[in-house]
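From first to last, the protein sequence lines are chains Y and R. Note that my numbering has the first sequence beginning at 1, numbered continuously upward. Note that my numbering has the second sequence beginning at 1001, numbered continuously upward.
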Amino acid sequence: MKKSPWVFHVNAGACNNCDIEIVDLLTPKFDVERFGIKLVGSPRHADALLITGVGTRQAAIRLREVYRQTAKPCVVFCIGACACGTGIFHRGYHVAGPVDKIIKEVDPNAIIAYVPGCPPKPEAMISGIVKALSVL
Amino acid sequence: MGAIFEREGKDKKMSEALQNLFWILIFPGFLFTVFVGLVASWIVRKVSALVQWRVGPPFYQPFVDVLKLTGKEVLVPEQAQHTVFMVAPLIGMAGALLLSTMLWRITIEPTKPFVGDVIVAIYLMVLPSLALILGSSASASPHAAIGTSREMKLVMSYELPLVLAFIVVIIKTGGQLDLATIAGHTPVLSVSGMLAFLAALLCIQAKLGFVPFDIAEAETEVASGVLMEYSGALLAIWKLTQAILLVALPLFLVMVFLGGFTKSLWAGVGKYVLVLVLLILIKNTNPRVRTDQAMKFFWVYCGLTLAFAITLAVIGNYCGIGWL
Chain Y
1 MKKSPWVFHV NAGACNNCDI EIVDLLTPKF DVERFGIKLV GSPRHADALL ITGVGTRQAA
61 IRLREVYRQT AKPCVVFCIG ACACGTGIFH RGYHVAGPVD KIIKEVDPNA IIAYVPGCPP
121 KPEAMISGIV KALSVL
Chain R
1001 MGAIFEREGK DKKMSEALQN LFWILIFPGF LFTVFVGLVA SWIVRKVSAL VQWRVGPPFY
1061 QPFVDVLKLT GKEVLVPEQA QHTVFMVAPL IGMAGALLLS TMLWRITIEP TKPFVGDVIV
1121 AIYLMVLPSL ALILGSSASA SPHAAIGTSR EMKLVMSYEL PLVLAFIVVI IKTGGQLDLA
1181 TIAGHTPVLS VSGMLAFLAA LLCIQAKLGF VPFDIAEAET EVASGVLMEY SGALLAIWKL
1241 TQAILLVALP LFLVMVFLGG FTKSLWAGVG KYVLVLVLLI LIKNTNPRVR TDQAMKFFWV
1301 YCGLTLAFAI TLAVIGNYCG IGWL
């Protein structure tokens, strides 16, 4: 799993800025395929969930469902300031909590890694993924 | 005396059975083909990366992927038809494995009498696609249902030109169905053979599920479509099946159109790599087509081209003109 993490990208109410930076990872400049990282289309194939966005009330239900559908063992990555700690939407009426709180409602022992930034640089994401995988 | 003979006969039978098992499981069969297939799938990914000006994955990447998948949890959807869902990947792999073992065996020992001709190969080639259709339609997922219907239409559209292309070869070689005999000819050196080879190459592209004919798996539209609900070891079996097909199908093209491995082993390997690189280049220079475009392409354009090729081949045979 350290050598071939397949990631599934979940947008839980992000402003699309982090999503663009995630897509940057696949471009020739950063090319994460050299580490065996691959974007897959279904959570059943995934080893890691890249979650962007604050986790709105609507998205929270889907987020829990997606986490349940992911084949374990899996890692959750909170990408960006919103996902890590709700960011500028703190105490907003539509916010169901930071992403880690929503995931922990399903599985209290979930492995969660945080990559802060608004949006985080692609370099920061690669460094976060490598650090998280080296701990496992 | 009689008892000794009986025993010798038994031993011979035993050793023959063991040898057959070795054929199927280790040397040209399972282990060897999977190894070559995974290396070939690395070549596909690496060349695609180089075309896109990237570095690409390391050599061992497909092996690590498969190993990792076998260690993951296998999820079966609640509403799925469990037995069919679990058995379908095995059927698919069995078909692909049988095809590749047959082809290798003809490659290595062309003189040995063996019941395997073009028609058997055509049937075995459909088996993985049929298993994929079965498995994904048993998974009770709406995305997989769309993928299934696309895969069915794709199978229906490419089977016709593929069979027509083989008919051209059969006419060119004078009505031969035996693969070992066909591998002695090089039909690609004639006009009709070249046309048939190009059409068959595109059909193989669709059979392997490569862009531009990856409409059944389209990740951006139907989220892996047919493979959507598969996870863990079952997904690993599908990946292995695709790896085996990546060996068997280009090898089949090499045997039917390019003269096989009869001249020398290295020339054969070179032909295989040539076909593989052609497939990769088509994959990397084309966008995905729609289902109706694929059907129209295979039935109208490939069909008409092949009808023309068959006419040429028949005329060439009748008048004794070799290059037609």
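Even for Gly, the Cβ is constructed at its ideal location relative to N, Cα and C.
Query - Chain-ordered neighbours of H94 (chain Y) on chain C, where CB pairs are closer than 8 Å - result: Protein chains Y and R are contained in the structure displayed, whereas chain C is not.
Query - Straight-line gap, I1204 (chain R) to L1276 (chain R) (C-alpha atoms, nearest Å) - result: Linking I1204 (chain R) to L1276 (chain R) through their CA atoms gives a straight-line distance of about 11 Å.
Query raised in the report: Hey, would you say F1030 (chain R) sits closer than 8 Å to L1090 (chain R), going by beta carbons?
Result: Pairing F1030 (chain R) with L1090 (chain R) gives a Cβ-Cβ distance that is not under 8 Å.
Report task. Could you list which residues in chain Y have their beta carbon closer than 8 Å to that of K1068 (chain R), in chain order? Result -> Correct list: M1, K3, S4, D47.
Query raised in the report: Tell me which same chain residues have a C-beta within less than 6 Å of the C-beta of V1036 (chain R), skipping the five on either side of it?
Result: Excluding its 5 nearest sequence neighbours in each direction, V1036 (chain R) has C-beta neighbours in its own chain below 6 Å: V1247, listed in chain order.
Report task. Check each residue of the region 1269-1284 of chain R: if its Cβ is closer than 7 Å to any Cβ of chain Y, include it; give the result in chain order. Result -> Of all residues in the region 1269-1284 of chain R, none has a C-beta nearer than 7 Å to a C-beta of chain Y.
Query raised in the report: What separation, rounded to the nearest whole angstrom, lies between the Cα atoms of E123 (chain Y) and A1216 (chain R)?
Result: Rounded to the nearest angstrom, the gap between the Cα atoms of E123 (chain Y) and A1216 (chain R) is 34 Å.
Requested in this report: Could you say which of Y:I20, Y:C118, Y:E33, Y:G80 lies nearest to K1046 (chain R) if we only look at CA atoms?
Outcome: The residue with the shortest Cα to Cα distance from K1046 (chain R) is Y:E33.
Requested in this report: Could you tell me if L1050 (chain R) is buried or exposed, where buried requires 16 or more neighbouring beta carbons within 10 angstroms of its beta carbon?
Outcome: Its Cβ having fewer than 16 others within 10 Å, L1050 (chain R) is exposed.
Query - Alpha-carbon to alpha-carbon, D24 (chain Y) and T1241 (chain R) - result: The C-alpha of D24 (chain Y) is placed about 32 Å away from the C-alpha of T1241 (chain R).
Query raised in the report: Which class does T1148 (chain R) belong to by DSSP, given the choice of helix, strand or coil?
Result: Three-state DSSP puts T1148 (chain R) in a helix.
Report task. Report, in whole angstroms, the separation of the C-beta atoms of W1323 (chain R) and V1191 (chain R), which I expect to be a contact under 8 Å. Result -> About 6 Å separates the two Cβ atoms, so the contact holds.
Query raised in the report: CA-CA distance, V1254 (chain R) and G1268 (chain R)?
Result: So the two alpha carbons sit approximately 8 Å from each other.
Query raised in the report: Any idea which residues DSSP pairs Y114 (chain Y) with across the strands?
Result: According to DSSP, Y114 (chain Y) bridges with Y:C78.
Query raised in the report: At a Cβ threshold of 8 Å, is E65 (chain Y) touching chain R?
Result: No, because no Cβ of chain R sits closer than 8 Å to the Cβ of E65 (chain Y).
Query - Under the three-state DSSP convention, the category F1027 (chain R) falls into - result: Looking at F1027 (chain R) - three-state DSSP - the assignment turns out to be coil, as it is neither helix nor strand.
Query raised in the report: Any Cβ of chain R within less than 8 Å of the Cβ of V106 (chain Y)?
Result: Output row for V106 (chain Y): interface = no.
**Report entry** Limits of the beta strand (DSSP E) - the one that I1321 (chain R) falls within
**Finding:** Neither: I1321 (chain R) is in no beta strand (DSSP E) and is coded neither H nor E.
**Report entry** CB of P1057 (chain R) within 8 Å of CB of G36 (chain Y), strictly
**Finding:** Against a cut-off of 8 Å, the Cβ pair of G36 (chain Y) and P1057 (chain R) comes out as a contact.
Requested in this report: State buried or exposed for S1139 (chain R), treating a residue as buried only when at least 16 other CB atoms are found within 10 Å of its CB.
Outcome: Label assigned to S1139 (chain R): buried.
**Report entry** Rounded separation between H90 (chain Y) and I22 (chain Y) - CA only
**Finding:** So the alpha carbons of these two residues sit roughly 23 Å apart.
**Report entry** Sub-8 Å separation of A1200 (chain R) and L1162 (chain R) beta-carbons
**Finding:** Contact flag set, yes.
Report task. Would you mind giving the Cβ-Cβ distance between S4 (chain Y) and K1068 (chain R), rounded to the nearest angstrom? I have them listed as a contact below 8 Å. Result -> Indeed, because the Cβ distance is near 5 Å, the residues count as touching under 8 Å.
Query - Among Y:F77, Y:Y114, Y:E65, Y:V54, nearest to C138 (chain Y) - alpha-carbon criterion - result: Because chain Y here runs from 1 to 136, residue 138 (chain Y) falls outside it and cannot be looked at.
**Report entry** is_contact[R62 (chain Y), chain R] using C-beta, thresh 8 Å
**Finding:** By this cut-off, R62 (chain Y) is not an interface position.
Query - Counted within 10 angstroms of its Cβ, other Cβ atoms place F1297 (chain R) as buried (16 or more) or exposed - result: A residue is called buried when at least 16 other Cβ atoms come within 10 angstroms of its Cβ; F1297 (chain R) meets this threshold and is buried.
Report task. Express the C-alpha separation of A1094 (chain R) and L1127 (chain R) in angstroms, rounding to a whole number. Result -> So the alpha carbons of these two residues sit roughly 9 Å apart.
Requested in this report: Please look up how many angstroms separate the CB atoms of P1077 (chain R) and S1141 (chain R), rounded, as I've assumed it's under 8 Å.
Outcome: Their Cβ separation, rounded to whole angstroms, is 6 Å, which keeps P1077 (chain R) and S1141 (chain R) in contact under 8 Å.
Requested in this report: Using a Cβ-Cβ cut-off of less than 8 Å, give me the residues of the region 1050-1074 of chain R that come near chain Y, in sequence order.
Outcome: Those would be Q1052, W1053, R1054, V1055, G1056, P1057, P1058, Y1060, Q1061, V1064, D1065, K1068, G1071, K1072, E1073, V1074, in chain order.
Requested in this report: Determine whether the Cβ of A1138 (chain R) lies closer than 8 Å to any Cβ atom of chain Y.
Outcome: By this cut-off, A1138 (chain R) is not an interface position.
Requested in this report: Spell out whether any CB of chain Y is found under 8 Å from the CB atom of G1147 (chain R).
Outcome: Using beta-carbon distances, G1147 (chain R) does not count as an interface residue toward chain Y, since no partner is under 8 Å.
Query raised in the report: Between V1066 (chain R) and A1236 (chain R), which are expected to be in contact by the criterion C-beta below 8 Å, what is the C-beta distance as a whole number of angstroms?
Result: Cβ-Cβ separation between V1066 (chain R) and A1236 (chain R): approximately 5 Å, consistent with a contact (criterion under 8 Å).
Query - Range of the contiguous beta strand (DSSP E) that encloses W6 (chain Y) - result: Counting along the chain, the beta strand (DSSP E) containing W6 (chain Y) begins and ends at 6-11.
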